[in-house]
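Chains as they are written, first to last, in the working numbering: chain A, 1 to 349; chain B, 1 to 349; chain C, 1 to 316; chain D, 1 to 316. Glycine included, each C-beta is placed from N, C-alpha and C at the ideal position. For clarity, every value in this text was computed on a predicted model and none was experimentally measured.
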Amino acid sequence: MSEREQSYVEALREAASQEMERDPSVVCFGLDVDDPKAIQGTTRGLVERFGPERVFGTPLAEDAMTGVAIGMALAGLRPIHVHIRMDFLLLAMNQLINIAAKSHYMYGGHVHVPIVVRSMIGKSWGQGAQHSQGLYAFFMHVPGIKVAAPTNPHDAKGCLVAAIRDDNPVMLVEHRLLYPHVGPVPEALYEVRPGRARVVAPGSDVTLVGISHTLVECLQARTHLAEHGISAEVIDPIWLSPLDIDTIAASVAKTGRLVAVDNGWTTCGASAEIVARVVERLQGTRELRVHRMGFAPTTCPPTPHLEALYYANARTIAAAANNLVEGRDTGWLPDERPGASEITFRGPF
Amino acid sequence: MSEREQSYVEALREAASQEMERDPSVVCFGLDVDDPKAIQGTTRGLVERFGPERVFGTPLAEDAMTGVAIGMALAGLRPIHVHIRMDFLLLAMNQLINIAAKSHYMYGGHVHVPIVVRSMIGKSWGQGAQHSQGLYAFFMHVPGIKVAAPTNPHDAKGCLVAAIRDDNPVMLVEHRLLYPHVGPVPEALYEVRPGRARVVAPGSDVTLVGISHTLVECLQARTHLAEHGISAEVIDPIWLSPLDIDTIAASVAKTGRLVAVDNGWTTCGASAEIVARVVERLQGTRELRVHRMGFAPTTCPPTPHLEALYYANARTIAAAANNLVEGRDTGWLPDERPGASEITFRGPF
Amino acid sequence: MADLDRIYRLLFRIRRVEEEIARVYPTDVIKSPVHLSIGQESVSVGLCEALRPEDAAFGTYRSHALYLAKGGDLRGMIAELYGKATGCAGGKGGSMHMIDIAAGVFGSSAVVGTTIPHAVGFAYALKLRREARVVACVFGDGAVDEGVFYESLNFAALKRLPVLFLCENNGYAIHTHQRLRQNVPDICARVTALGIPSERIEDGDVLRIAERAGAATDALRGGESGPVFIECMTYRWKEHVGPGDDWNLGYRERIEAEEWIRSDQVARLATKIDPAARVRIEREVEAEIADAFAFAERSPFPEPEALHTQVFRESP
Amino acid sequence: MADLDRIYRLLFRIRRVEEEIARVYPTDVIKSPVHLSIGQESVSVGLCEALRPEDAAFGTYRSHALYLAKGGDLRGMIAELYGKATGCAGGKGGSMHMIDIAAGVFGSSAVVGTTIPHAVGFAYALKLRREARVVACVFGDGAVDEGVFYESLNFAALKRLPVLFLCENNGYAIHTHQRLRQNVPDICARVTALGIPSERIEDGDVLRIAERAGAATDALRGGESGPVFIECMTYRWKEHVGPGDDWNLGYRERIEAEEWIRSDQVARLATKIDPAARVRIEREVEAEIADAFAFAERSPFPEPEALHTQVFRESP
Ligand SMILES: Cc1ncc(C[n+]2csc(CCOP(=O)(O)OP(=O)(O)O)c2C)c(N)n1
Ligand SMILES: Cc1ncc(C[n+]2csc(CCOP(=O)(O)OP(=O)(O)O)c2C)c(N)n1
Ligand SMILES: [Mg+2]
Ligand SMILES: [Mg+2]
């Protein structure tokens, strides 16, 4: 009965717990992992179970603690380094990119760096400029580091397990608004391996690729589009690096139309990469139409009305997909529907 | 007589010197700007001329010194912060992206941050993993920061002047191998303003966009292609953010073929952005063929033979452009030609 | 000679503003995180007694007290929390990015430690221009964990810059006690080793803080002395973020708070001033607060166009 | 009781390897930057007298001495400088990324300060596994400018980790003297304030360094003592990067070097050992060096395929 249900939070916690049980070289640390809030519960109980040597909070020192994770990995441990916001990784870029991503190569294969970096993307409740960024494009840009952005509890567990077992640095990108989502999660350990995307919902007119939390919006957009007589295929890349372009390209080869929706900025972002690769792959084989959506090209405003305009949502995605299908700006925008609006959270944080 | 000739190094030095002369709020600092090597000569003489308060070397503290530059800017100065390698900016990402790029917006327009960050990309002579990166895609990705990558002495001076006068953070991307290049540089102050690309050489069969040092390779590739009967138009974006897509798209609208060549990795890189924007702009108007080239998807190896394979060069660019025109892999590769090989430098650094 | 009426007004005003924020918070009119200063008012008030309007102050995401003590506009602050166009950052900053240039309140940031080098750079500019202004740089004990703290103080000392570094040590970074983050809790010793004179004020006494901060800024205005460091022990009464208490979380003992509640500077100063003056001050402050919340309530949200403005500053 | 023959062999060997690199450099067989250790040999040699093969060492881009003193393979080192497939990093590292896991030489990095937290993390793993091994972390005076130095030492002290931090203070970061970068040049005071016992060795005496490092590692193997810090004053004879002298640059005075040249540990130890032994050692070392350069010369460059290997490690 793999129909056991868990929240995204529970799935992350179980993955870490089971892997730490299985492999004594796995350790978990980061600011506040052992505090009463336990990173929204994703690390709850780990310190009681595995002790303060394998699970510990740290000083505020993102740069050094990332280097510490690398040093642990060089000594044979498999650290999981947790950050409450992805924005704070900007303090760790030197260790992540100049060292972690390069060590296996620049030391001629003599070392490897199996670290997992978990970080959360914030949204809503006035997260604002510095608590809302989805910066994974940086890690897609640089060779030597893998990136996963699971969008449901099943994949959250499977990607974290795969990340822990991977011998390379892996960034696990989590989205705050996905944490309460509930879905089937097998209890037995399993991996959602790098480099395989999933067709989440079939369709024939247009391909919607939804990254991280935007997958939820894409699925709602698909409903809007269906009611409008348009059949959308929705794809979850799951892993952004390595990226499964085959599955995406196969879908676009069928639909001829691609809307790449990102939970980050579009310029030099994941959506640019998906569009560019699909075009390079399919050009000359058939007519193509592509479109990117993501954060507005601005800093994230905390005030609700502007914040709502900052993100792509089910209705704007549906509208864009419809325009792509129609080949013109039709002006069509689905109505707000009660209930369809995203599960959000009330503060304080 | 605007035909006065200067090297890229001299042009950078003159721009800083003339602007510091004109505007007492301009200061210049960074590791080793005042030492005997003076950042390959680009800051030579500035401390003698403007004194140690306006021109000074710093401790090794990229993070704090970037914050110091921001604080200076908040107080009305116009700092130029110099880094001997772009790789070291990874220590400054938090201040650059969480603060500099966002301050004007997140403080509701009440402050602005006119800082210029100069950094150099290394190549050849075993620069290796950590002295060779062209990471400007990171700054293109994030709204609120501008990026220039001048490829000749004229633009080096004009972009630095424009950057100093700009009220926003500007990254000036310099390439070590361009430093010895000599070309016409007007003595009188002038700006090469953001957002305007230049068609460097006309052509009708294929558009080559060359970023930073790869522009030099694209121009040589054009010669190879001409001998092969193919007419290539070469475009220098000059500014990567804001990016002048109009000029590039106008060329591709004519040629129908685009090779975007970058001095960085292609994934989520500048070449991905250029390809995606051109396709979004021109799709449906005519047949298009696009191709990206850049660093190999690896860490940069110092050993010469592998390093040669790591970079796109005139011959591989010509071959790729030819294949795009022919619509198939022809296997054609121009012969090495003595002299055409890039001016390089012998160590030690 | 300290003006106790003014000091009481500042303390009482901050306390009541924070209490009012906490009171309305459950109604969701404020849709963003708030890090309240209740219990820590005396640090900012004491500090700002030593600052002049033209001096600059840099703070953290917990800067309501600093903003108000330095003279930041109350209406603009509350409107900012409400996300209104009339907010001090036009609704684009939120509680963590309080700013009022006219009052010398420069940005406060949500990323710990980030404003420390800004204060240093600002001071560099002042010194370069031979201005007698000083810069106050306020941060928590958590910022002392970060490397940027050492890099910034080393540079400030190297260049003898007019910065008063003030560490607001409330013992915790979120729920983690200082002793679990810093092997040696003596922050002053770390700073002294960088060549910066430092002192600790243990009891949150607003008058002592004002006196010591005054001595520091007097020296700084002299010019050549170089930076000064003051550590003010204090205590956060409310949860790290949000309007509630958090004694239930179990990361700290309530009795820890009691000595601080006993020595509460708001209550203490209330007894030091003339009762009639107190009544007048409190009435005026309550009216001002009521006005500010009403202003925020009736102010408009930003227009949709505002999303795309101010990404870049158009050079005049 | 120190084995002077072995110490002399190590000192002489490093000196001669570096001299040989400098000699061939103008012929361009080495197509990458080299940061030579000439004049600084006694620091690494003294340190490694206190280390066991199973101990780990982390260094900087100036690590030829550390690599050799710790037992790194000479052939692999020279082949790496030549960019050959037989290099210690297969030609993919270069002079700045010396590595020899078998000898306990972990990566050295071109980015200043970056390996300090690696040493700390490595030590964390050793302590977690209750191993008696220790970690040596070598860095220059420039690394002390960087925030990561403080963050790393604070964490190492907090967790009482078995790390010997060794600052190789040659007075300069490239051409900038320590006093122009650090307001207070007393690095030991900064470290003491973090709760780490520290001491300075002024004269580069290889025997004293060995003795003090030995005392430190003995304590560390005990387990609970926590990290130790030693600052070794030394002097770089050659230019920052490259094979030449740089007295012409004018950033330092030649006379500064003279006391160091007078107290040169290679020459000093040469007089302390039996002349016959010295002749034998030098003959053996010269032969070994000749062999290593010949090996590098005749070794092949990496195959083109090597460009794309080792980006990721394929899990077995
Ligand atoms: C660089 C960084 N790391 C982590 C966080 C998450 N965080 C928010 S507040 C906080 C605690 C800071 O404590 P302190 O500096 O003492 O300030 P206080 O909240 O006590 O006033 C942390 C760790 C952050 N905002 N920035
Ligand atoms: C983070 C960083 N900033 C700047 C540089 C440029 N750089 C290379 S070596 C060096 C000097 C380092 O001095 P020190 O640590 O004393 O080592 P030494 O060369 O004296 O052995 C600098 C600044 C760098 N490599 N890394
Ligand atoms: Mg605190
Ligand atoms: Mg040095």
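**Request:** Jot down the residue ranges of each uninterrupted alpha helix (DSSP H) in the stretch 123-159 of chain A, minimum 4 residues, whole runs only, in chain order.
**Result:** 136-141
**Prompt:** What number of angstroms, rounded off, separates the C-alpha of G108/B from the C-alpha of G91/C?
**Reply:** 7 Å
**Request:** Anything in chain C within Cβ reach of V184/D, meaning under 8 Å, just list it in chain order.
**Result:** A157, A193, L194, G195
**Asked** Using DSSP with H/G/I as helix, E/B as strand and the rest coil, what is L333/A?
**Response** coil
**Request:** Locate the alpha helix (DSSP H) running through S251/A, then write down its first and last residues.
**Result:** 245-255
**Prompt:** What are the boundary residues of the alpha helix (DSSP H) that includes M171/A?
**Reply:** Element bounds for M171/A: not the alpha helix (DSSP H) but the beta strand (DSSP E), 170-175.
**Item:** CB of P301/A within 8 Å of CB of Y310/A, strictly
**Value:** yes
**Prompt:** What residues in its chain sit with their C-beta under 6 Å from that of G134/A, if we drop five residues either side in the sequence?
**Reply:** I121, N263, G264
**Asked** For Y105/B, which of C88/C, P117/C, H118/C has the nearest alpha-carbon?
**Response** C88/C
**Prompt:** Any idea which residues DSSP pairs W239/A with across the strands?
**Reply:** A148/A
**Asked** Starting from E5/A and walking both ways along the beta strand (DSSP E), at which residues does that stretch end?
**Response** 5-7
**Asked** From G300/D to E80/D, what does the alpha carbon distance come to, in whole angstroms?
**Response** It should be pointed out that residue 300/D corresponds to Pro in this sequence rather than to Gly. Straight-line Cα distance between these residues: approximately 11 Å.
**Asked** So which residues on chain A does A306/C lean against when the C-beta distance must stay under 7 Å?
**Response** L306
**Item:** Three-pair Cβ contact test at 8 Å for the stretch 131-138 of chain D versus the stretch 211-222 of chain D
**Value:** yes
**Prompt:** Comparing the CB of A173/C with every heavy atom of ligand 3, is any distance shorter than 7 Å?
**Reply:** yes
**Prompt:** From V55/A to G67/A, what does the alpha carbon distance come to, in whole angstroms?
**Reply:** 17 Å
**Request:** Could you have a look at I194/D and say whether DSSP puts it in helix, strand or coil?
**Result:** Looking at the sequence itself, residue 194/D is Leu, so the reference to Ile does not match. Of the three classes helix, strand and coil, the one that applies to L194/D here is coil, per DSSP.
**Prompt:** Is the distance from the Cβ of G71/B to the Cβ of F139/C below 8 Å?
**Reply:** no
**Message:** Taking CB distances under 8 Å as the criterion, tell me whether P302/C reaches chain A.
**Reply:** yes
**Request:** Return yes when at least one heavy atom of ligand 1 lies under 7 Å from the C-beta of E5/A, else no.
**Result:** no
**Beta-carbon contacts of D100/D that lie in its chain and below 7 Å, excluding the five residues immediately before and after** = Y67, G72, D73, G76, C88
**Request:** Show which residues of chain C have a CB atom less than 9 Å away from the CB atom of L309/B.
**Result:** What L309/B touches in chain C: nothing, since even the nearest Cβ is about 38 Å away.
**Prompt:** If we count Cβ pairs, one from each stretch, closer than 8 Å, do we get three or more for the stretch 140-148 of chain C versus the stretch 147-156 of chain D?
**Reply:** yes
**Extent of the continuous beta strand (DSSP E) run through A201/A** = 198-201
**Item:** Of the residues I317/A, C159/A, E326/A, the one placed nearest L288/A, counting alpha carbons only
**Value:** E326/A
**Prompt:** Along chain C, which residues have their Cβ under 7 Å away from the Cβ of A189/D?
**Reply:** A193
**Asked** Which bits of chain D does G46/C rub up against, with CB to CB less than 9 Å?
**Response** Under the 9 Å cutoff, chain D gives no residues; its nearest Cβ is about 26 Å from G46/C.
**Message:** Check whether chain D comes within 8 Å of E49/C, counting only Cβ atoms and requiring the distance to be less than that.
**Reply:** no
**Asked** The beta strand (DSSP E) spanning E231/D covers which residue range?
**Response** 228-233
**Prompt:** What number of angstroms, rounded off, separates the C-alpha of V290/A from the C-alpha of S251/A?
**Reply:** 13 Å
**Asked** So what does DSSP say about Y67/D, is it helix, strand or coil?
**Response** helix
**Request:** Look up N169/C in the DSSP assignment and give the residues it is bridged to.
**Result:** M233/C
**Item:** Whole-angstrom C-beta distance between A232/B and A221/B, which should lie under 8 Å
**Value:** 7 Å
**Listed by chain order, chain B residues near T303/A by CB distance under 9 Å** = Ordered by position in chain B, no residue passes the 9 Å Cβ test against T303/A, which lies about 10 Å from the chain.
**Request:** For N168/B, count neighbouring C-beta atoms within 10 Å of its own C-beta (all shown protein chains included) and say buried if the count is 16 or more, exposed if not.
**Result:** buried
**Message:** Please report the distance separating the alpha-carbon of T43/A from that of D166/A.
**Reply:** 20 Å
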